Amino acid sequence: MPDTSEFDSPLFRTTLHQLDTVASRLNLDPNLHERLRYPRRALVVSVPIQMDNGKTEIFIGYSVHHNTALGPTKGGLRYHSDVNLGEVTALAMLMSWKCGLFQLPYGGAKGGIRCNPRSMSSREIERMTRRYTSEIILLIGPDLDIPAPDLGTDEQVMAWVMDTYSMTQGKSVPGVVTGKPILIGGSAGRREATGRGIVYTLFRAARHLGHEVKGKRVVVQGFGNVGAVAARLLWREGCTIVGISDVKGGVYSPRGLDLRQLEAHAAESGSVSGFPDADRVTNAELLELPCDILIPAAIGSQIREDNASRIKASIIAEGANGPTTPEADQILRERGVTVVPDILANGGGVVVSYFEWVQGLQFYFWRESEILSRLQEVMTRAFNRIWAVAQKEGTDLRTAALMEGIRRVAEGFRIRGLYP
Ligand code: GLU
-10 MPDTSEFDSP LFRTTLHQLD TVASRLNLDP NLHERLRYPR RALVVSVPIQ MDNGKTEIFI
50 GYSVHHNTAL GPTKGGLRYH SDVNLGEVTA LAMLMSWKCG LFQLPYGGAK GGIRCNPRSM
110 SSREIERMTR RYTSEIILLI GPDLDIPAPD LGTDEQVMAW VMDTYSMTQG KSVPGVVTGK
170 PILIGGSAGR REATGRGIVY TLFRAARHLG HEVKGKRVVV QGFGNVGAVA ARLLWREGCT
230 IVGISDVKGG VYSPRGLDLR QLEAHAAESG SVSGFPDADR VTNAELLELP CDILIPAAIG
290 SQIREDNASR IKASIIAEGA NGPTTPEADQ ILRERGVTVV PDILANGGGV VVSYFEWVQG
350 LQFYFWRESE ILSRLQEVMT RAFNRIWAVA QKEGTDLRTA ALMEGIRRVA EGFRIRGLYP
């Protein structure tokens, strides 16, 4: 196999390993397999910004399109200090499989800037977003690549991307991003979609395993757009949220946390840590707390060889992308832990992004109840398909999900043929 060293990173190695393993399981044509191992295109840009103190700082940004076999590319824009070419490429590849398994008419992409948005002012983030958008402008568009929020970005960042792109076109082009504010063409239900999708998949998993979700003890790592929404919805469904964390640390209460009070505390103090009537735990300790369901919804590589055997949960639903290393995956599999993999569990975000894009193209917006029932239907069907593949092939859910996603993208390549 030729060299992929430009893209080398721990996550890229993991995604390549997953692709290679699944390709041999699927008996994939080696010519198609080979093409799937590389991104179609990758752009590296420098993003010079005038900081509030008058100094110029340069940030490095990336835009990677993994493949376009099934349509324009789709994926999040990430602002984080771990962003690099290999990581963004791996995340773009995961988006290809995710869109494939949900049967969306998209290829996978990812964008990112290596930065620490927590240490930047809102004006600095705006300037960085606008300059980055203008640097990658040839690679984005409503029928080319459509970014969405990811770690470190939100609706406001999407509005700045959309505005910058629109200014270069001389007209408003809302379809260039999804996950934008509702007032400028966003969709009802998009903000909560990823967290909600996790809850839907948990209900499916529990049903297939013969459990109830109600009454289960849940631990959530991450209190951002994914973790906080999943925790709140599960709490409302009658689960006991025993532990939760954010970047500053976590809190644990075996009796259960009052999510409404916790949200108020976090809104006021900027963190869940320090919440009264709960024990303080680190992010590492949090993962090993006694519970039934664990939702890693923060960053990648949290469940590793060194802690996987101490995890108590019997179901893990991956809110983050790539939170489990392959070594840990193997340990969890041997211990009989059910892992609902990232590309299945967190797919609610891109599914409602698709709804937002479709609504925008039609200039016709659906009611929230309609969005929720369609999301539930798409998630349920995808889950049932993957579950059936896992049963038939005698594999875990991650392998089954990858098989579904990769098979579809490869089939797209095969039908379209090779240009020229
Ligand atoms: N960033 C999200 C993901 O990793 C959403 C992508 C999208 O909506 O396009 O799936």
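One point on numbering: in the numbering used here, the residue at position 343 of the sequence shown is 332, and numbering is uninterrupted.
Ideal placement from N, C-alpha and C gives every residue a C-beta, glycine not left out.
The structure displayed is predicted, hence computed values, not measured ones.
Anyone know if the C-beta pair for residue i and residue j falls short of 8 Å?
i: I49; j: R120; result: no
i: A286; j: A219; result: yes
i: S111; j: I360; result: no
i: T229; j: G245; result: yes
i: T3; j: T314; result: yes
i: L278; j: V231; result: yes
i: Q210; j: L275; result: yes
i: G89; j: H55; result: no
i: G186; j: G336; result: yes
i: D268; j: S242; result: yes
i: L21; j: F402; result: yes
i: A317; j: R293; result: yes
i: T122; j: V162; result: no
i: G75; j: D9; result: no
i: N373; j: R193; result: yes
What's the C-alpha gap between residue i and residue j?
i: T153; j: R116; result: 10 Å
i: A297; j: F212; result: 22 Å
i: V261; j: L251; result: 7 Å
i: V11; j: I173; result: 41 Å
i: G325; j: S303; result: 8 Å
i: A195; j: E124; result: 46 Å
i: V341; j: V77; result: 22 Å
i: E366; j: Q145; result: 29 Å
i: R356; j: G168; result: 16 Å
i: D71; j: N105; result: 9 Å
i: G239; j: A309; result: 17 Å
i: G259; j: D143; result: 17 Å
i: S(-6); j: P265; result: 49 Å
i: L222; j: G60; result: 33 Å
i: K381; j: I129; result: 40 Å
i: I171; j: M147; result: 11 Å
i: L83; j: V36; result: 26 Å
i: E46; j: M109; result: 12 Å
i: D247; j: S362; result: 28 Å
By DSSP, does residue i sit in helix, in strand, or in coil?
i: I404; result: helix
i: P106; result: helix
i: D235; result: strand
i: Y95; result: coil
i: E46; result: strand
i: I332; result: helix
i: Q19; result: Per the sequence shown, residue 19 should be read as Pro rather than Gln. In the structure shown, P19 sits in a helix (DSSP, three-state: H, G or I).
i: G75; result: helix
i: S260; result: coil
i: D268; result: strand
i: T3; result: helix
i: G60; result: coil
i: V339; result: helix
i: L246; result: coil
Report the residue from the options whose alpha carbon sits nearest the alpha carbon of residue i.
i: S234; options: T190, R244, I288; result: I288
i: V411; options: L246, T118, R14; result: For residue 411 there is no data in the structure shown, the boundaries of the chain being -10 and 409.
i: L0; options: N73, T10, T45; result: N73
i: H6; options: G311, S108, E366; result: G311
i: P138; options: S108, G100, K160; result: G100
i: Y408; options: D18, A58, L222; result: A58
i: R397; options: W86, R29, L80, R356; result: W86
i: V329; options: F344, R14, L283; result: L283
i: T369; options: I404, Y189, R67, L127; result: Y189
i: K426; options: Q145, W224, Q158; result: Outside the modelled stretch of the chain, which goes from -10 to 409, sits residue 426, for which no answer is possible.
i: I375; options: S108, T388, E366; result: T388
i: P135; options: L350, A309, G199; result: Checking the sequence, you will find Ile at residue 135 rather than Pro. Among L350, A309, G199, the Cα nearest to that of I135 belongs to L350.
i: Q28; options: A79, L8, S13; result: Checking the sequence, you will find Pro at residue 28 rather than Gln. With distances taken between Cα atoms, P28 lies closest to A79.
i: A306; options: A377, L386, P163; result: L386
i: D(-8); options: M147, R30, T62, E23; result: E23
i: I332; options: T183, Y343, F192, E316; result: T183
i: R180; options: D(-3), V339, A379; result: V339
i: D281; options: R322, W346, L191; result: L191
i: Y343; options: I320, P131, N373; result: P131
i: T157; options: G178, G65, I126, G164; result: I126
i: E226; options: V236, E201, E400; result: E201
i: K63; options: D41, G43, Q92; result: Q92
i: T384; options: G263, E323, G43; result: E323
i: R30; options: D41, N16, V53, R107; result: V53
As an exercise, report each continuous alpha helix (DSSP H) stretch of at least 4 residues that is fully enclosed by the segment 358 to 406, in chain order. 386 to 405
3 or more residues per run - each beta strand (DSSP E) lying fully within the segment 274 to 316: The segment 274 to 316 contains these whole beta strand (DSSP E) runs: 282 to 285, 304 to 306.
In chain order, which continuous runs of the beta strand (DSSP E) of length 3 or greater are located wholly inside the segment 153 to 182? none
Return the chain-ordered ranges of every alpha helix (DSSP H) run that is complete within the segment 198 to 229 and spans a minimum of 4 residues. 216 to 225
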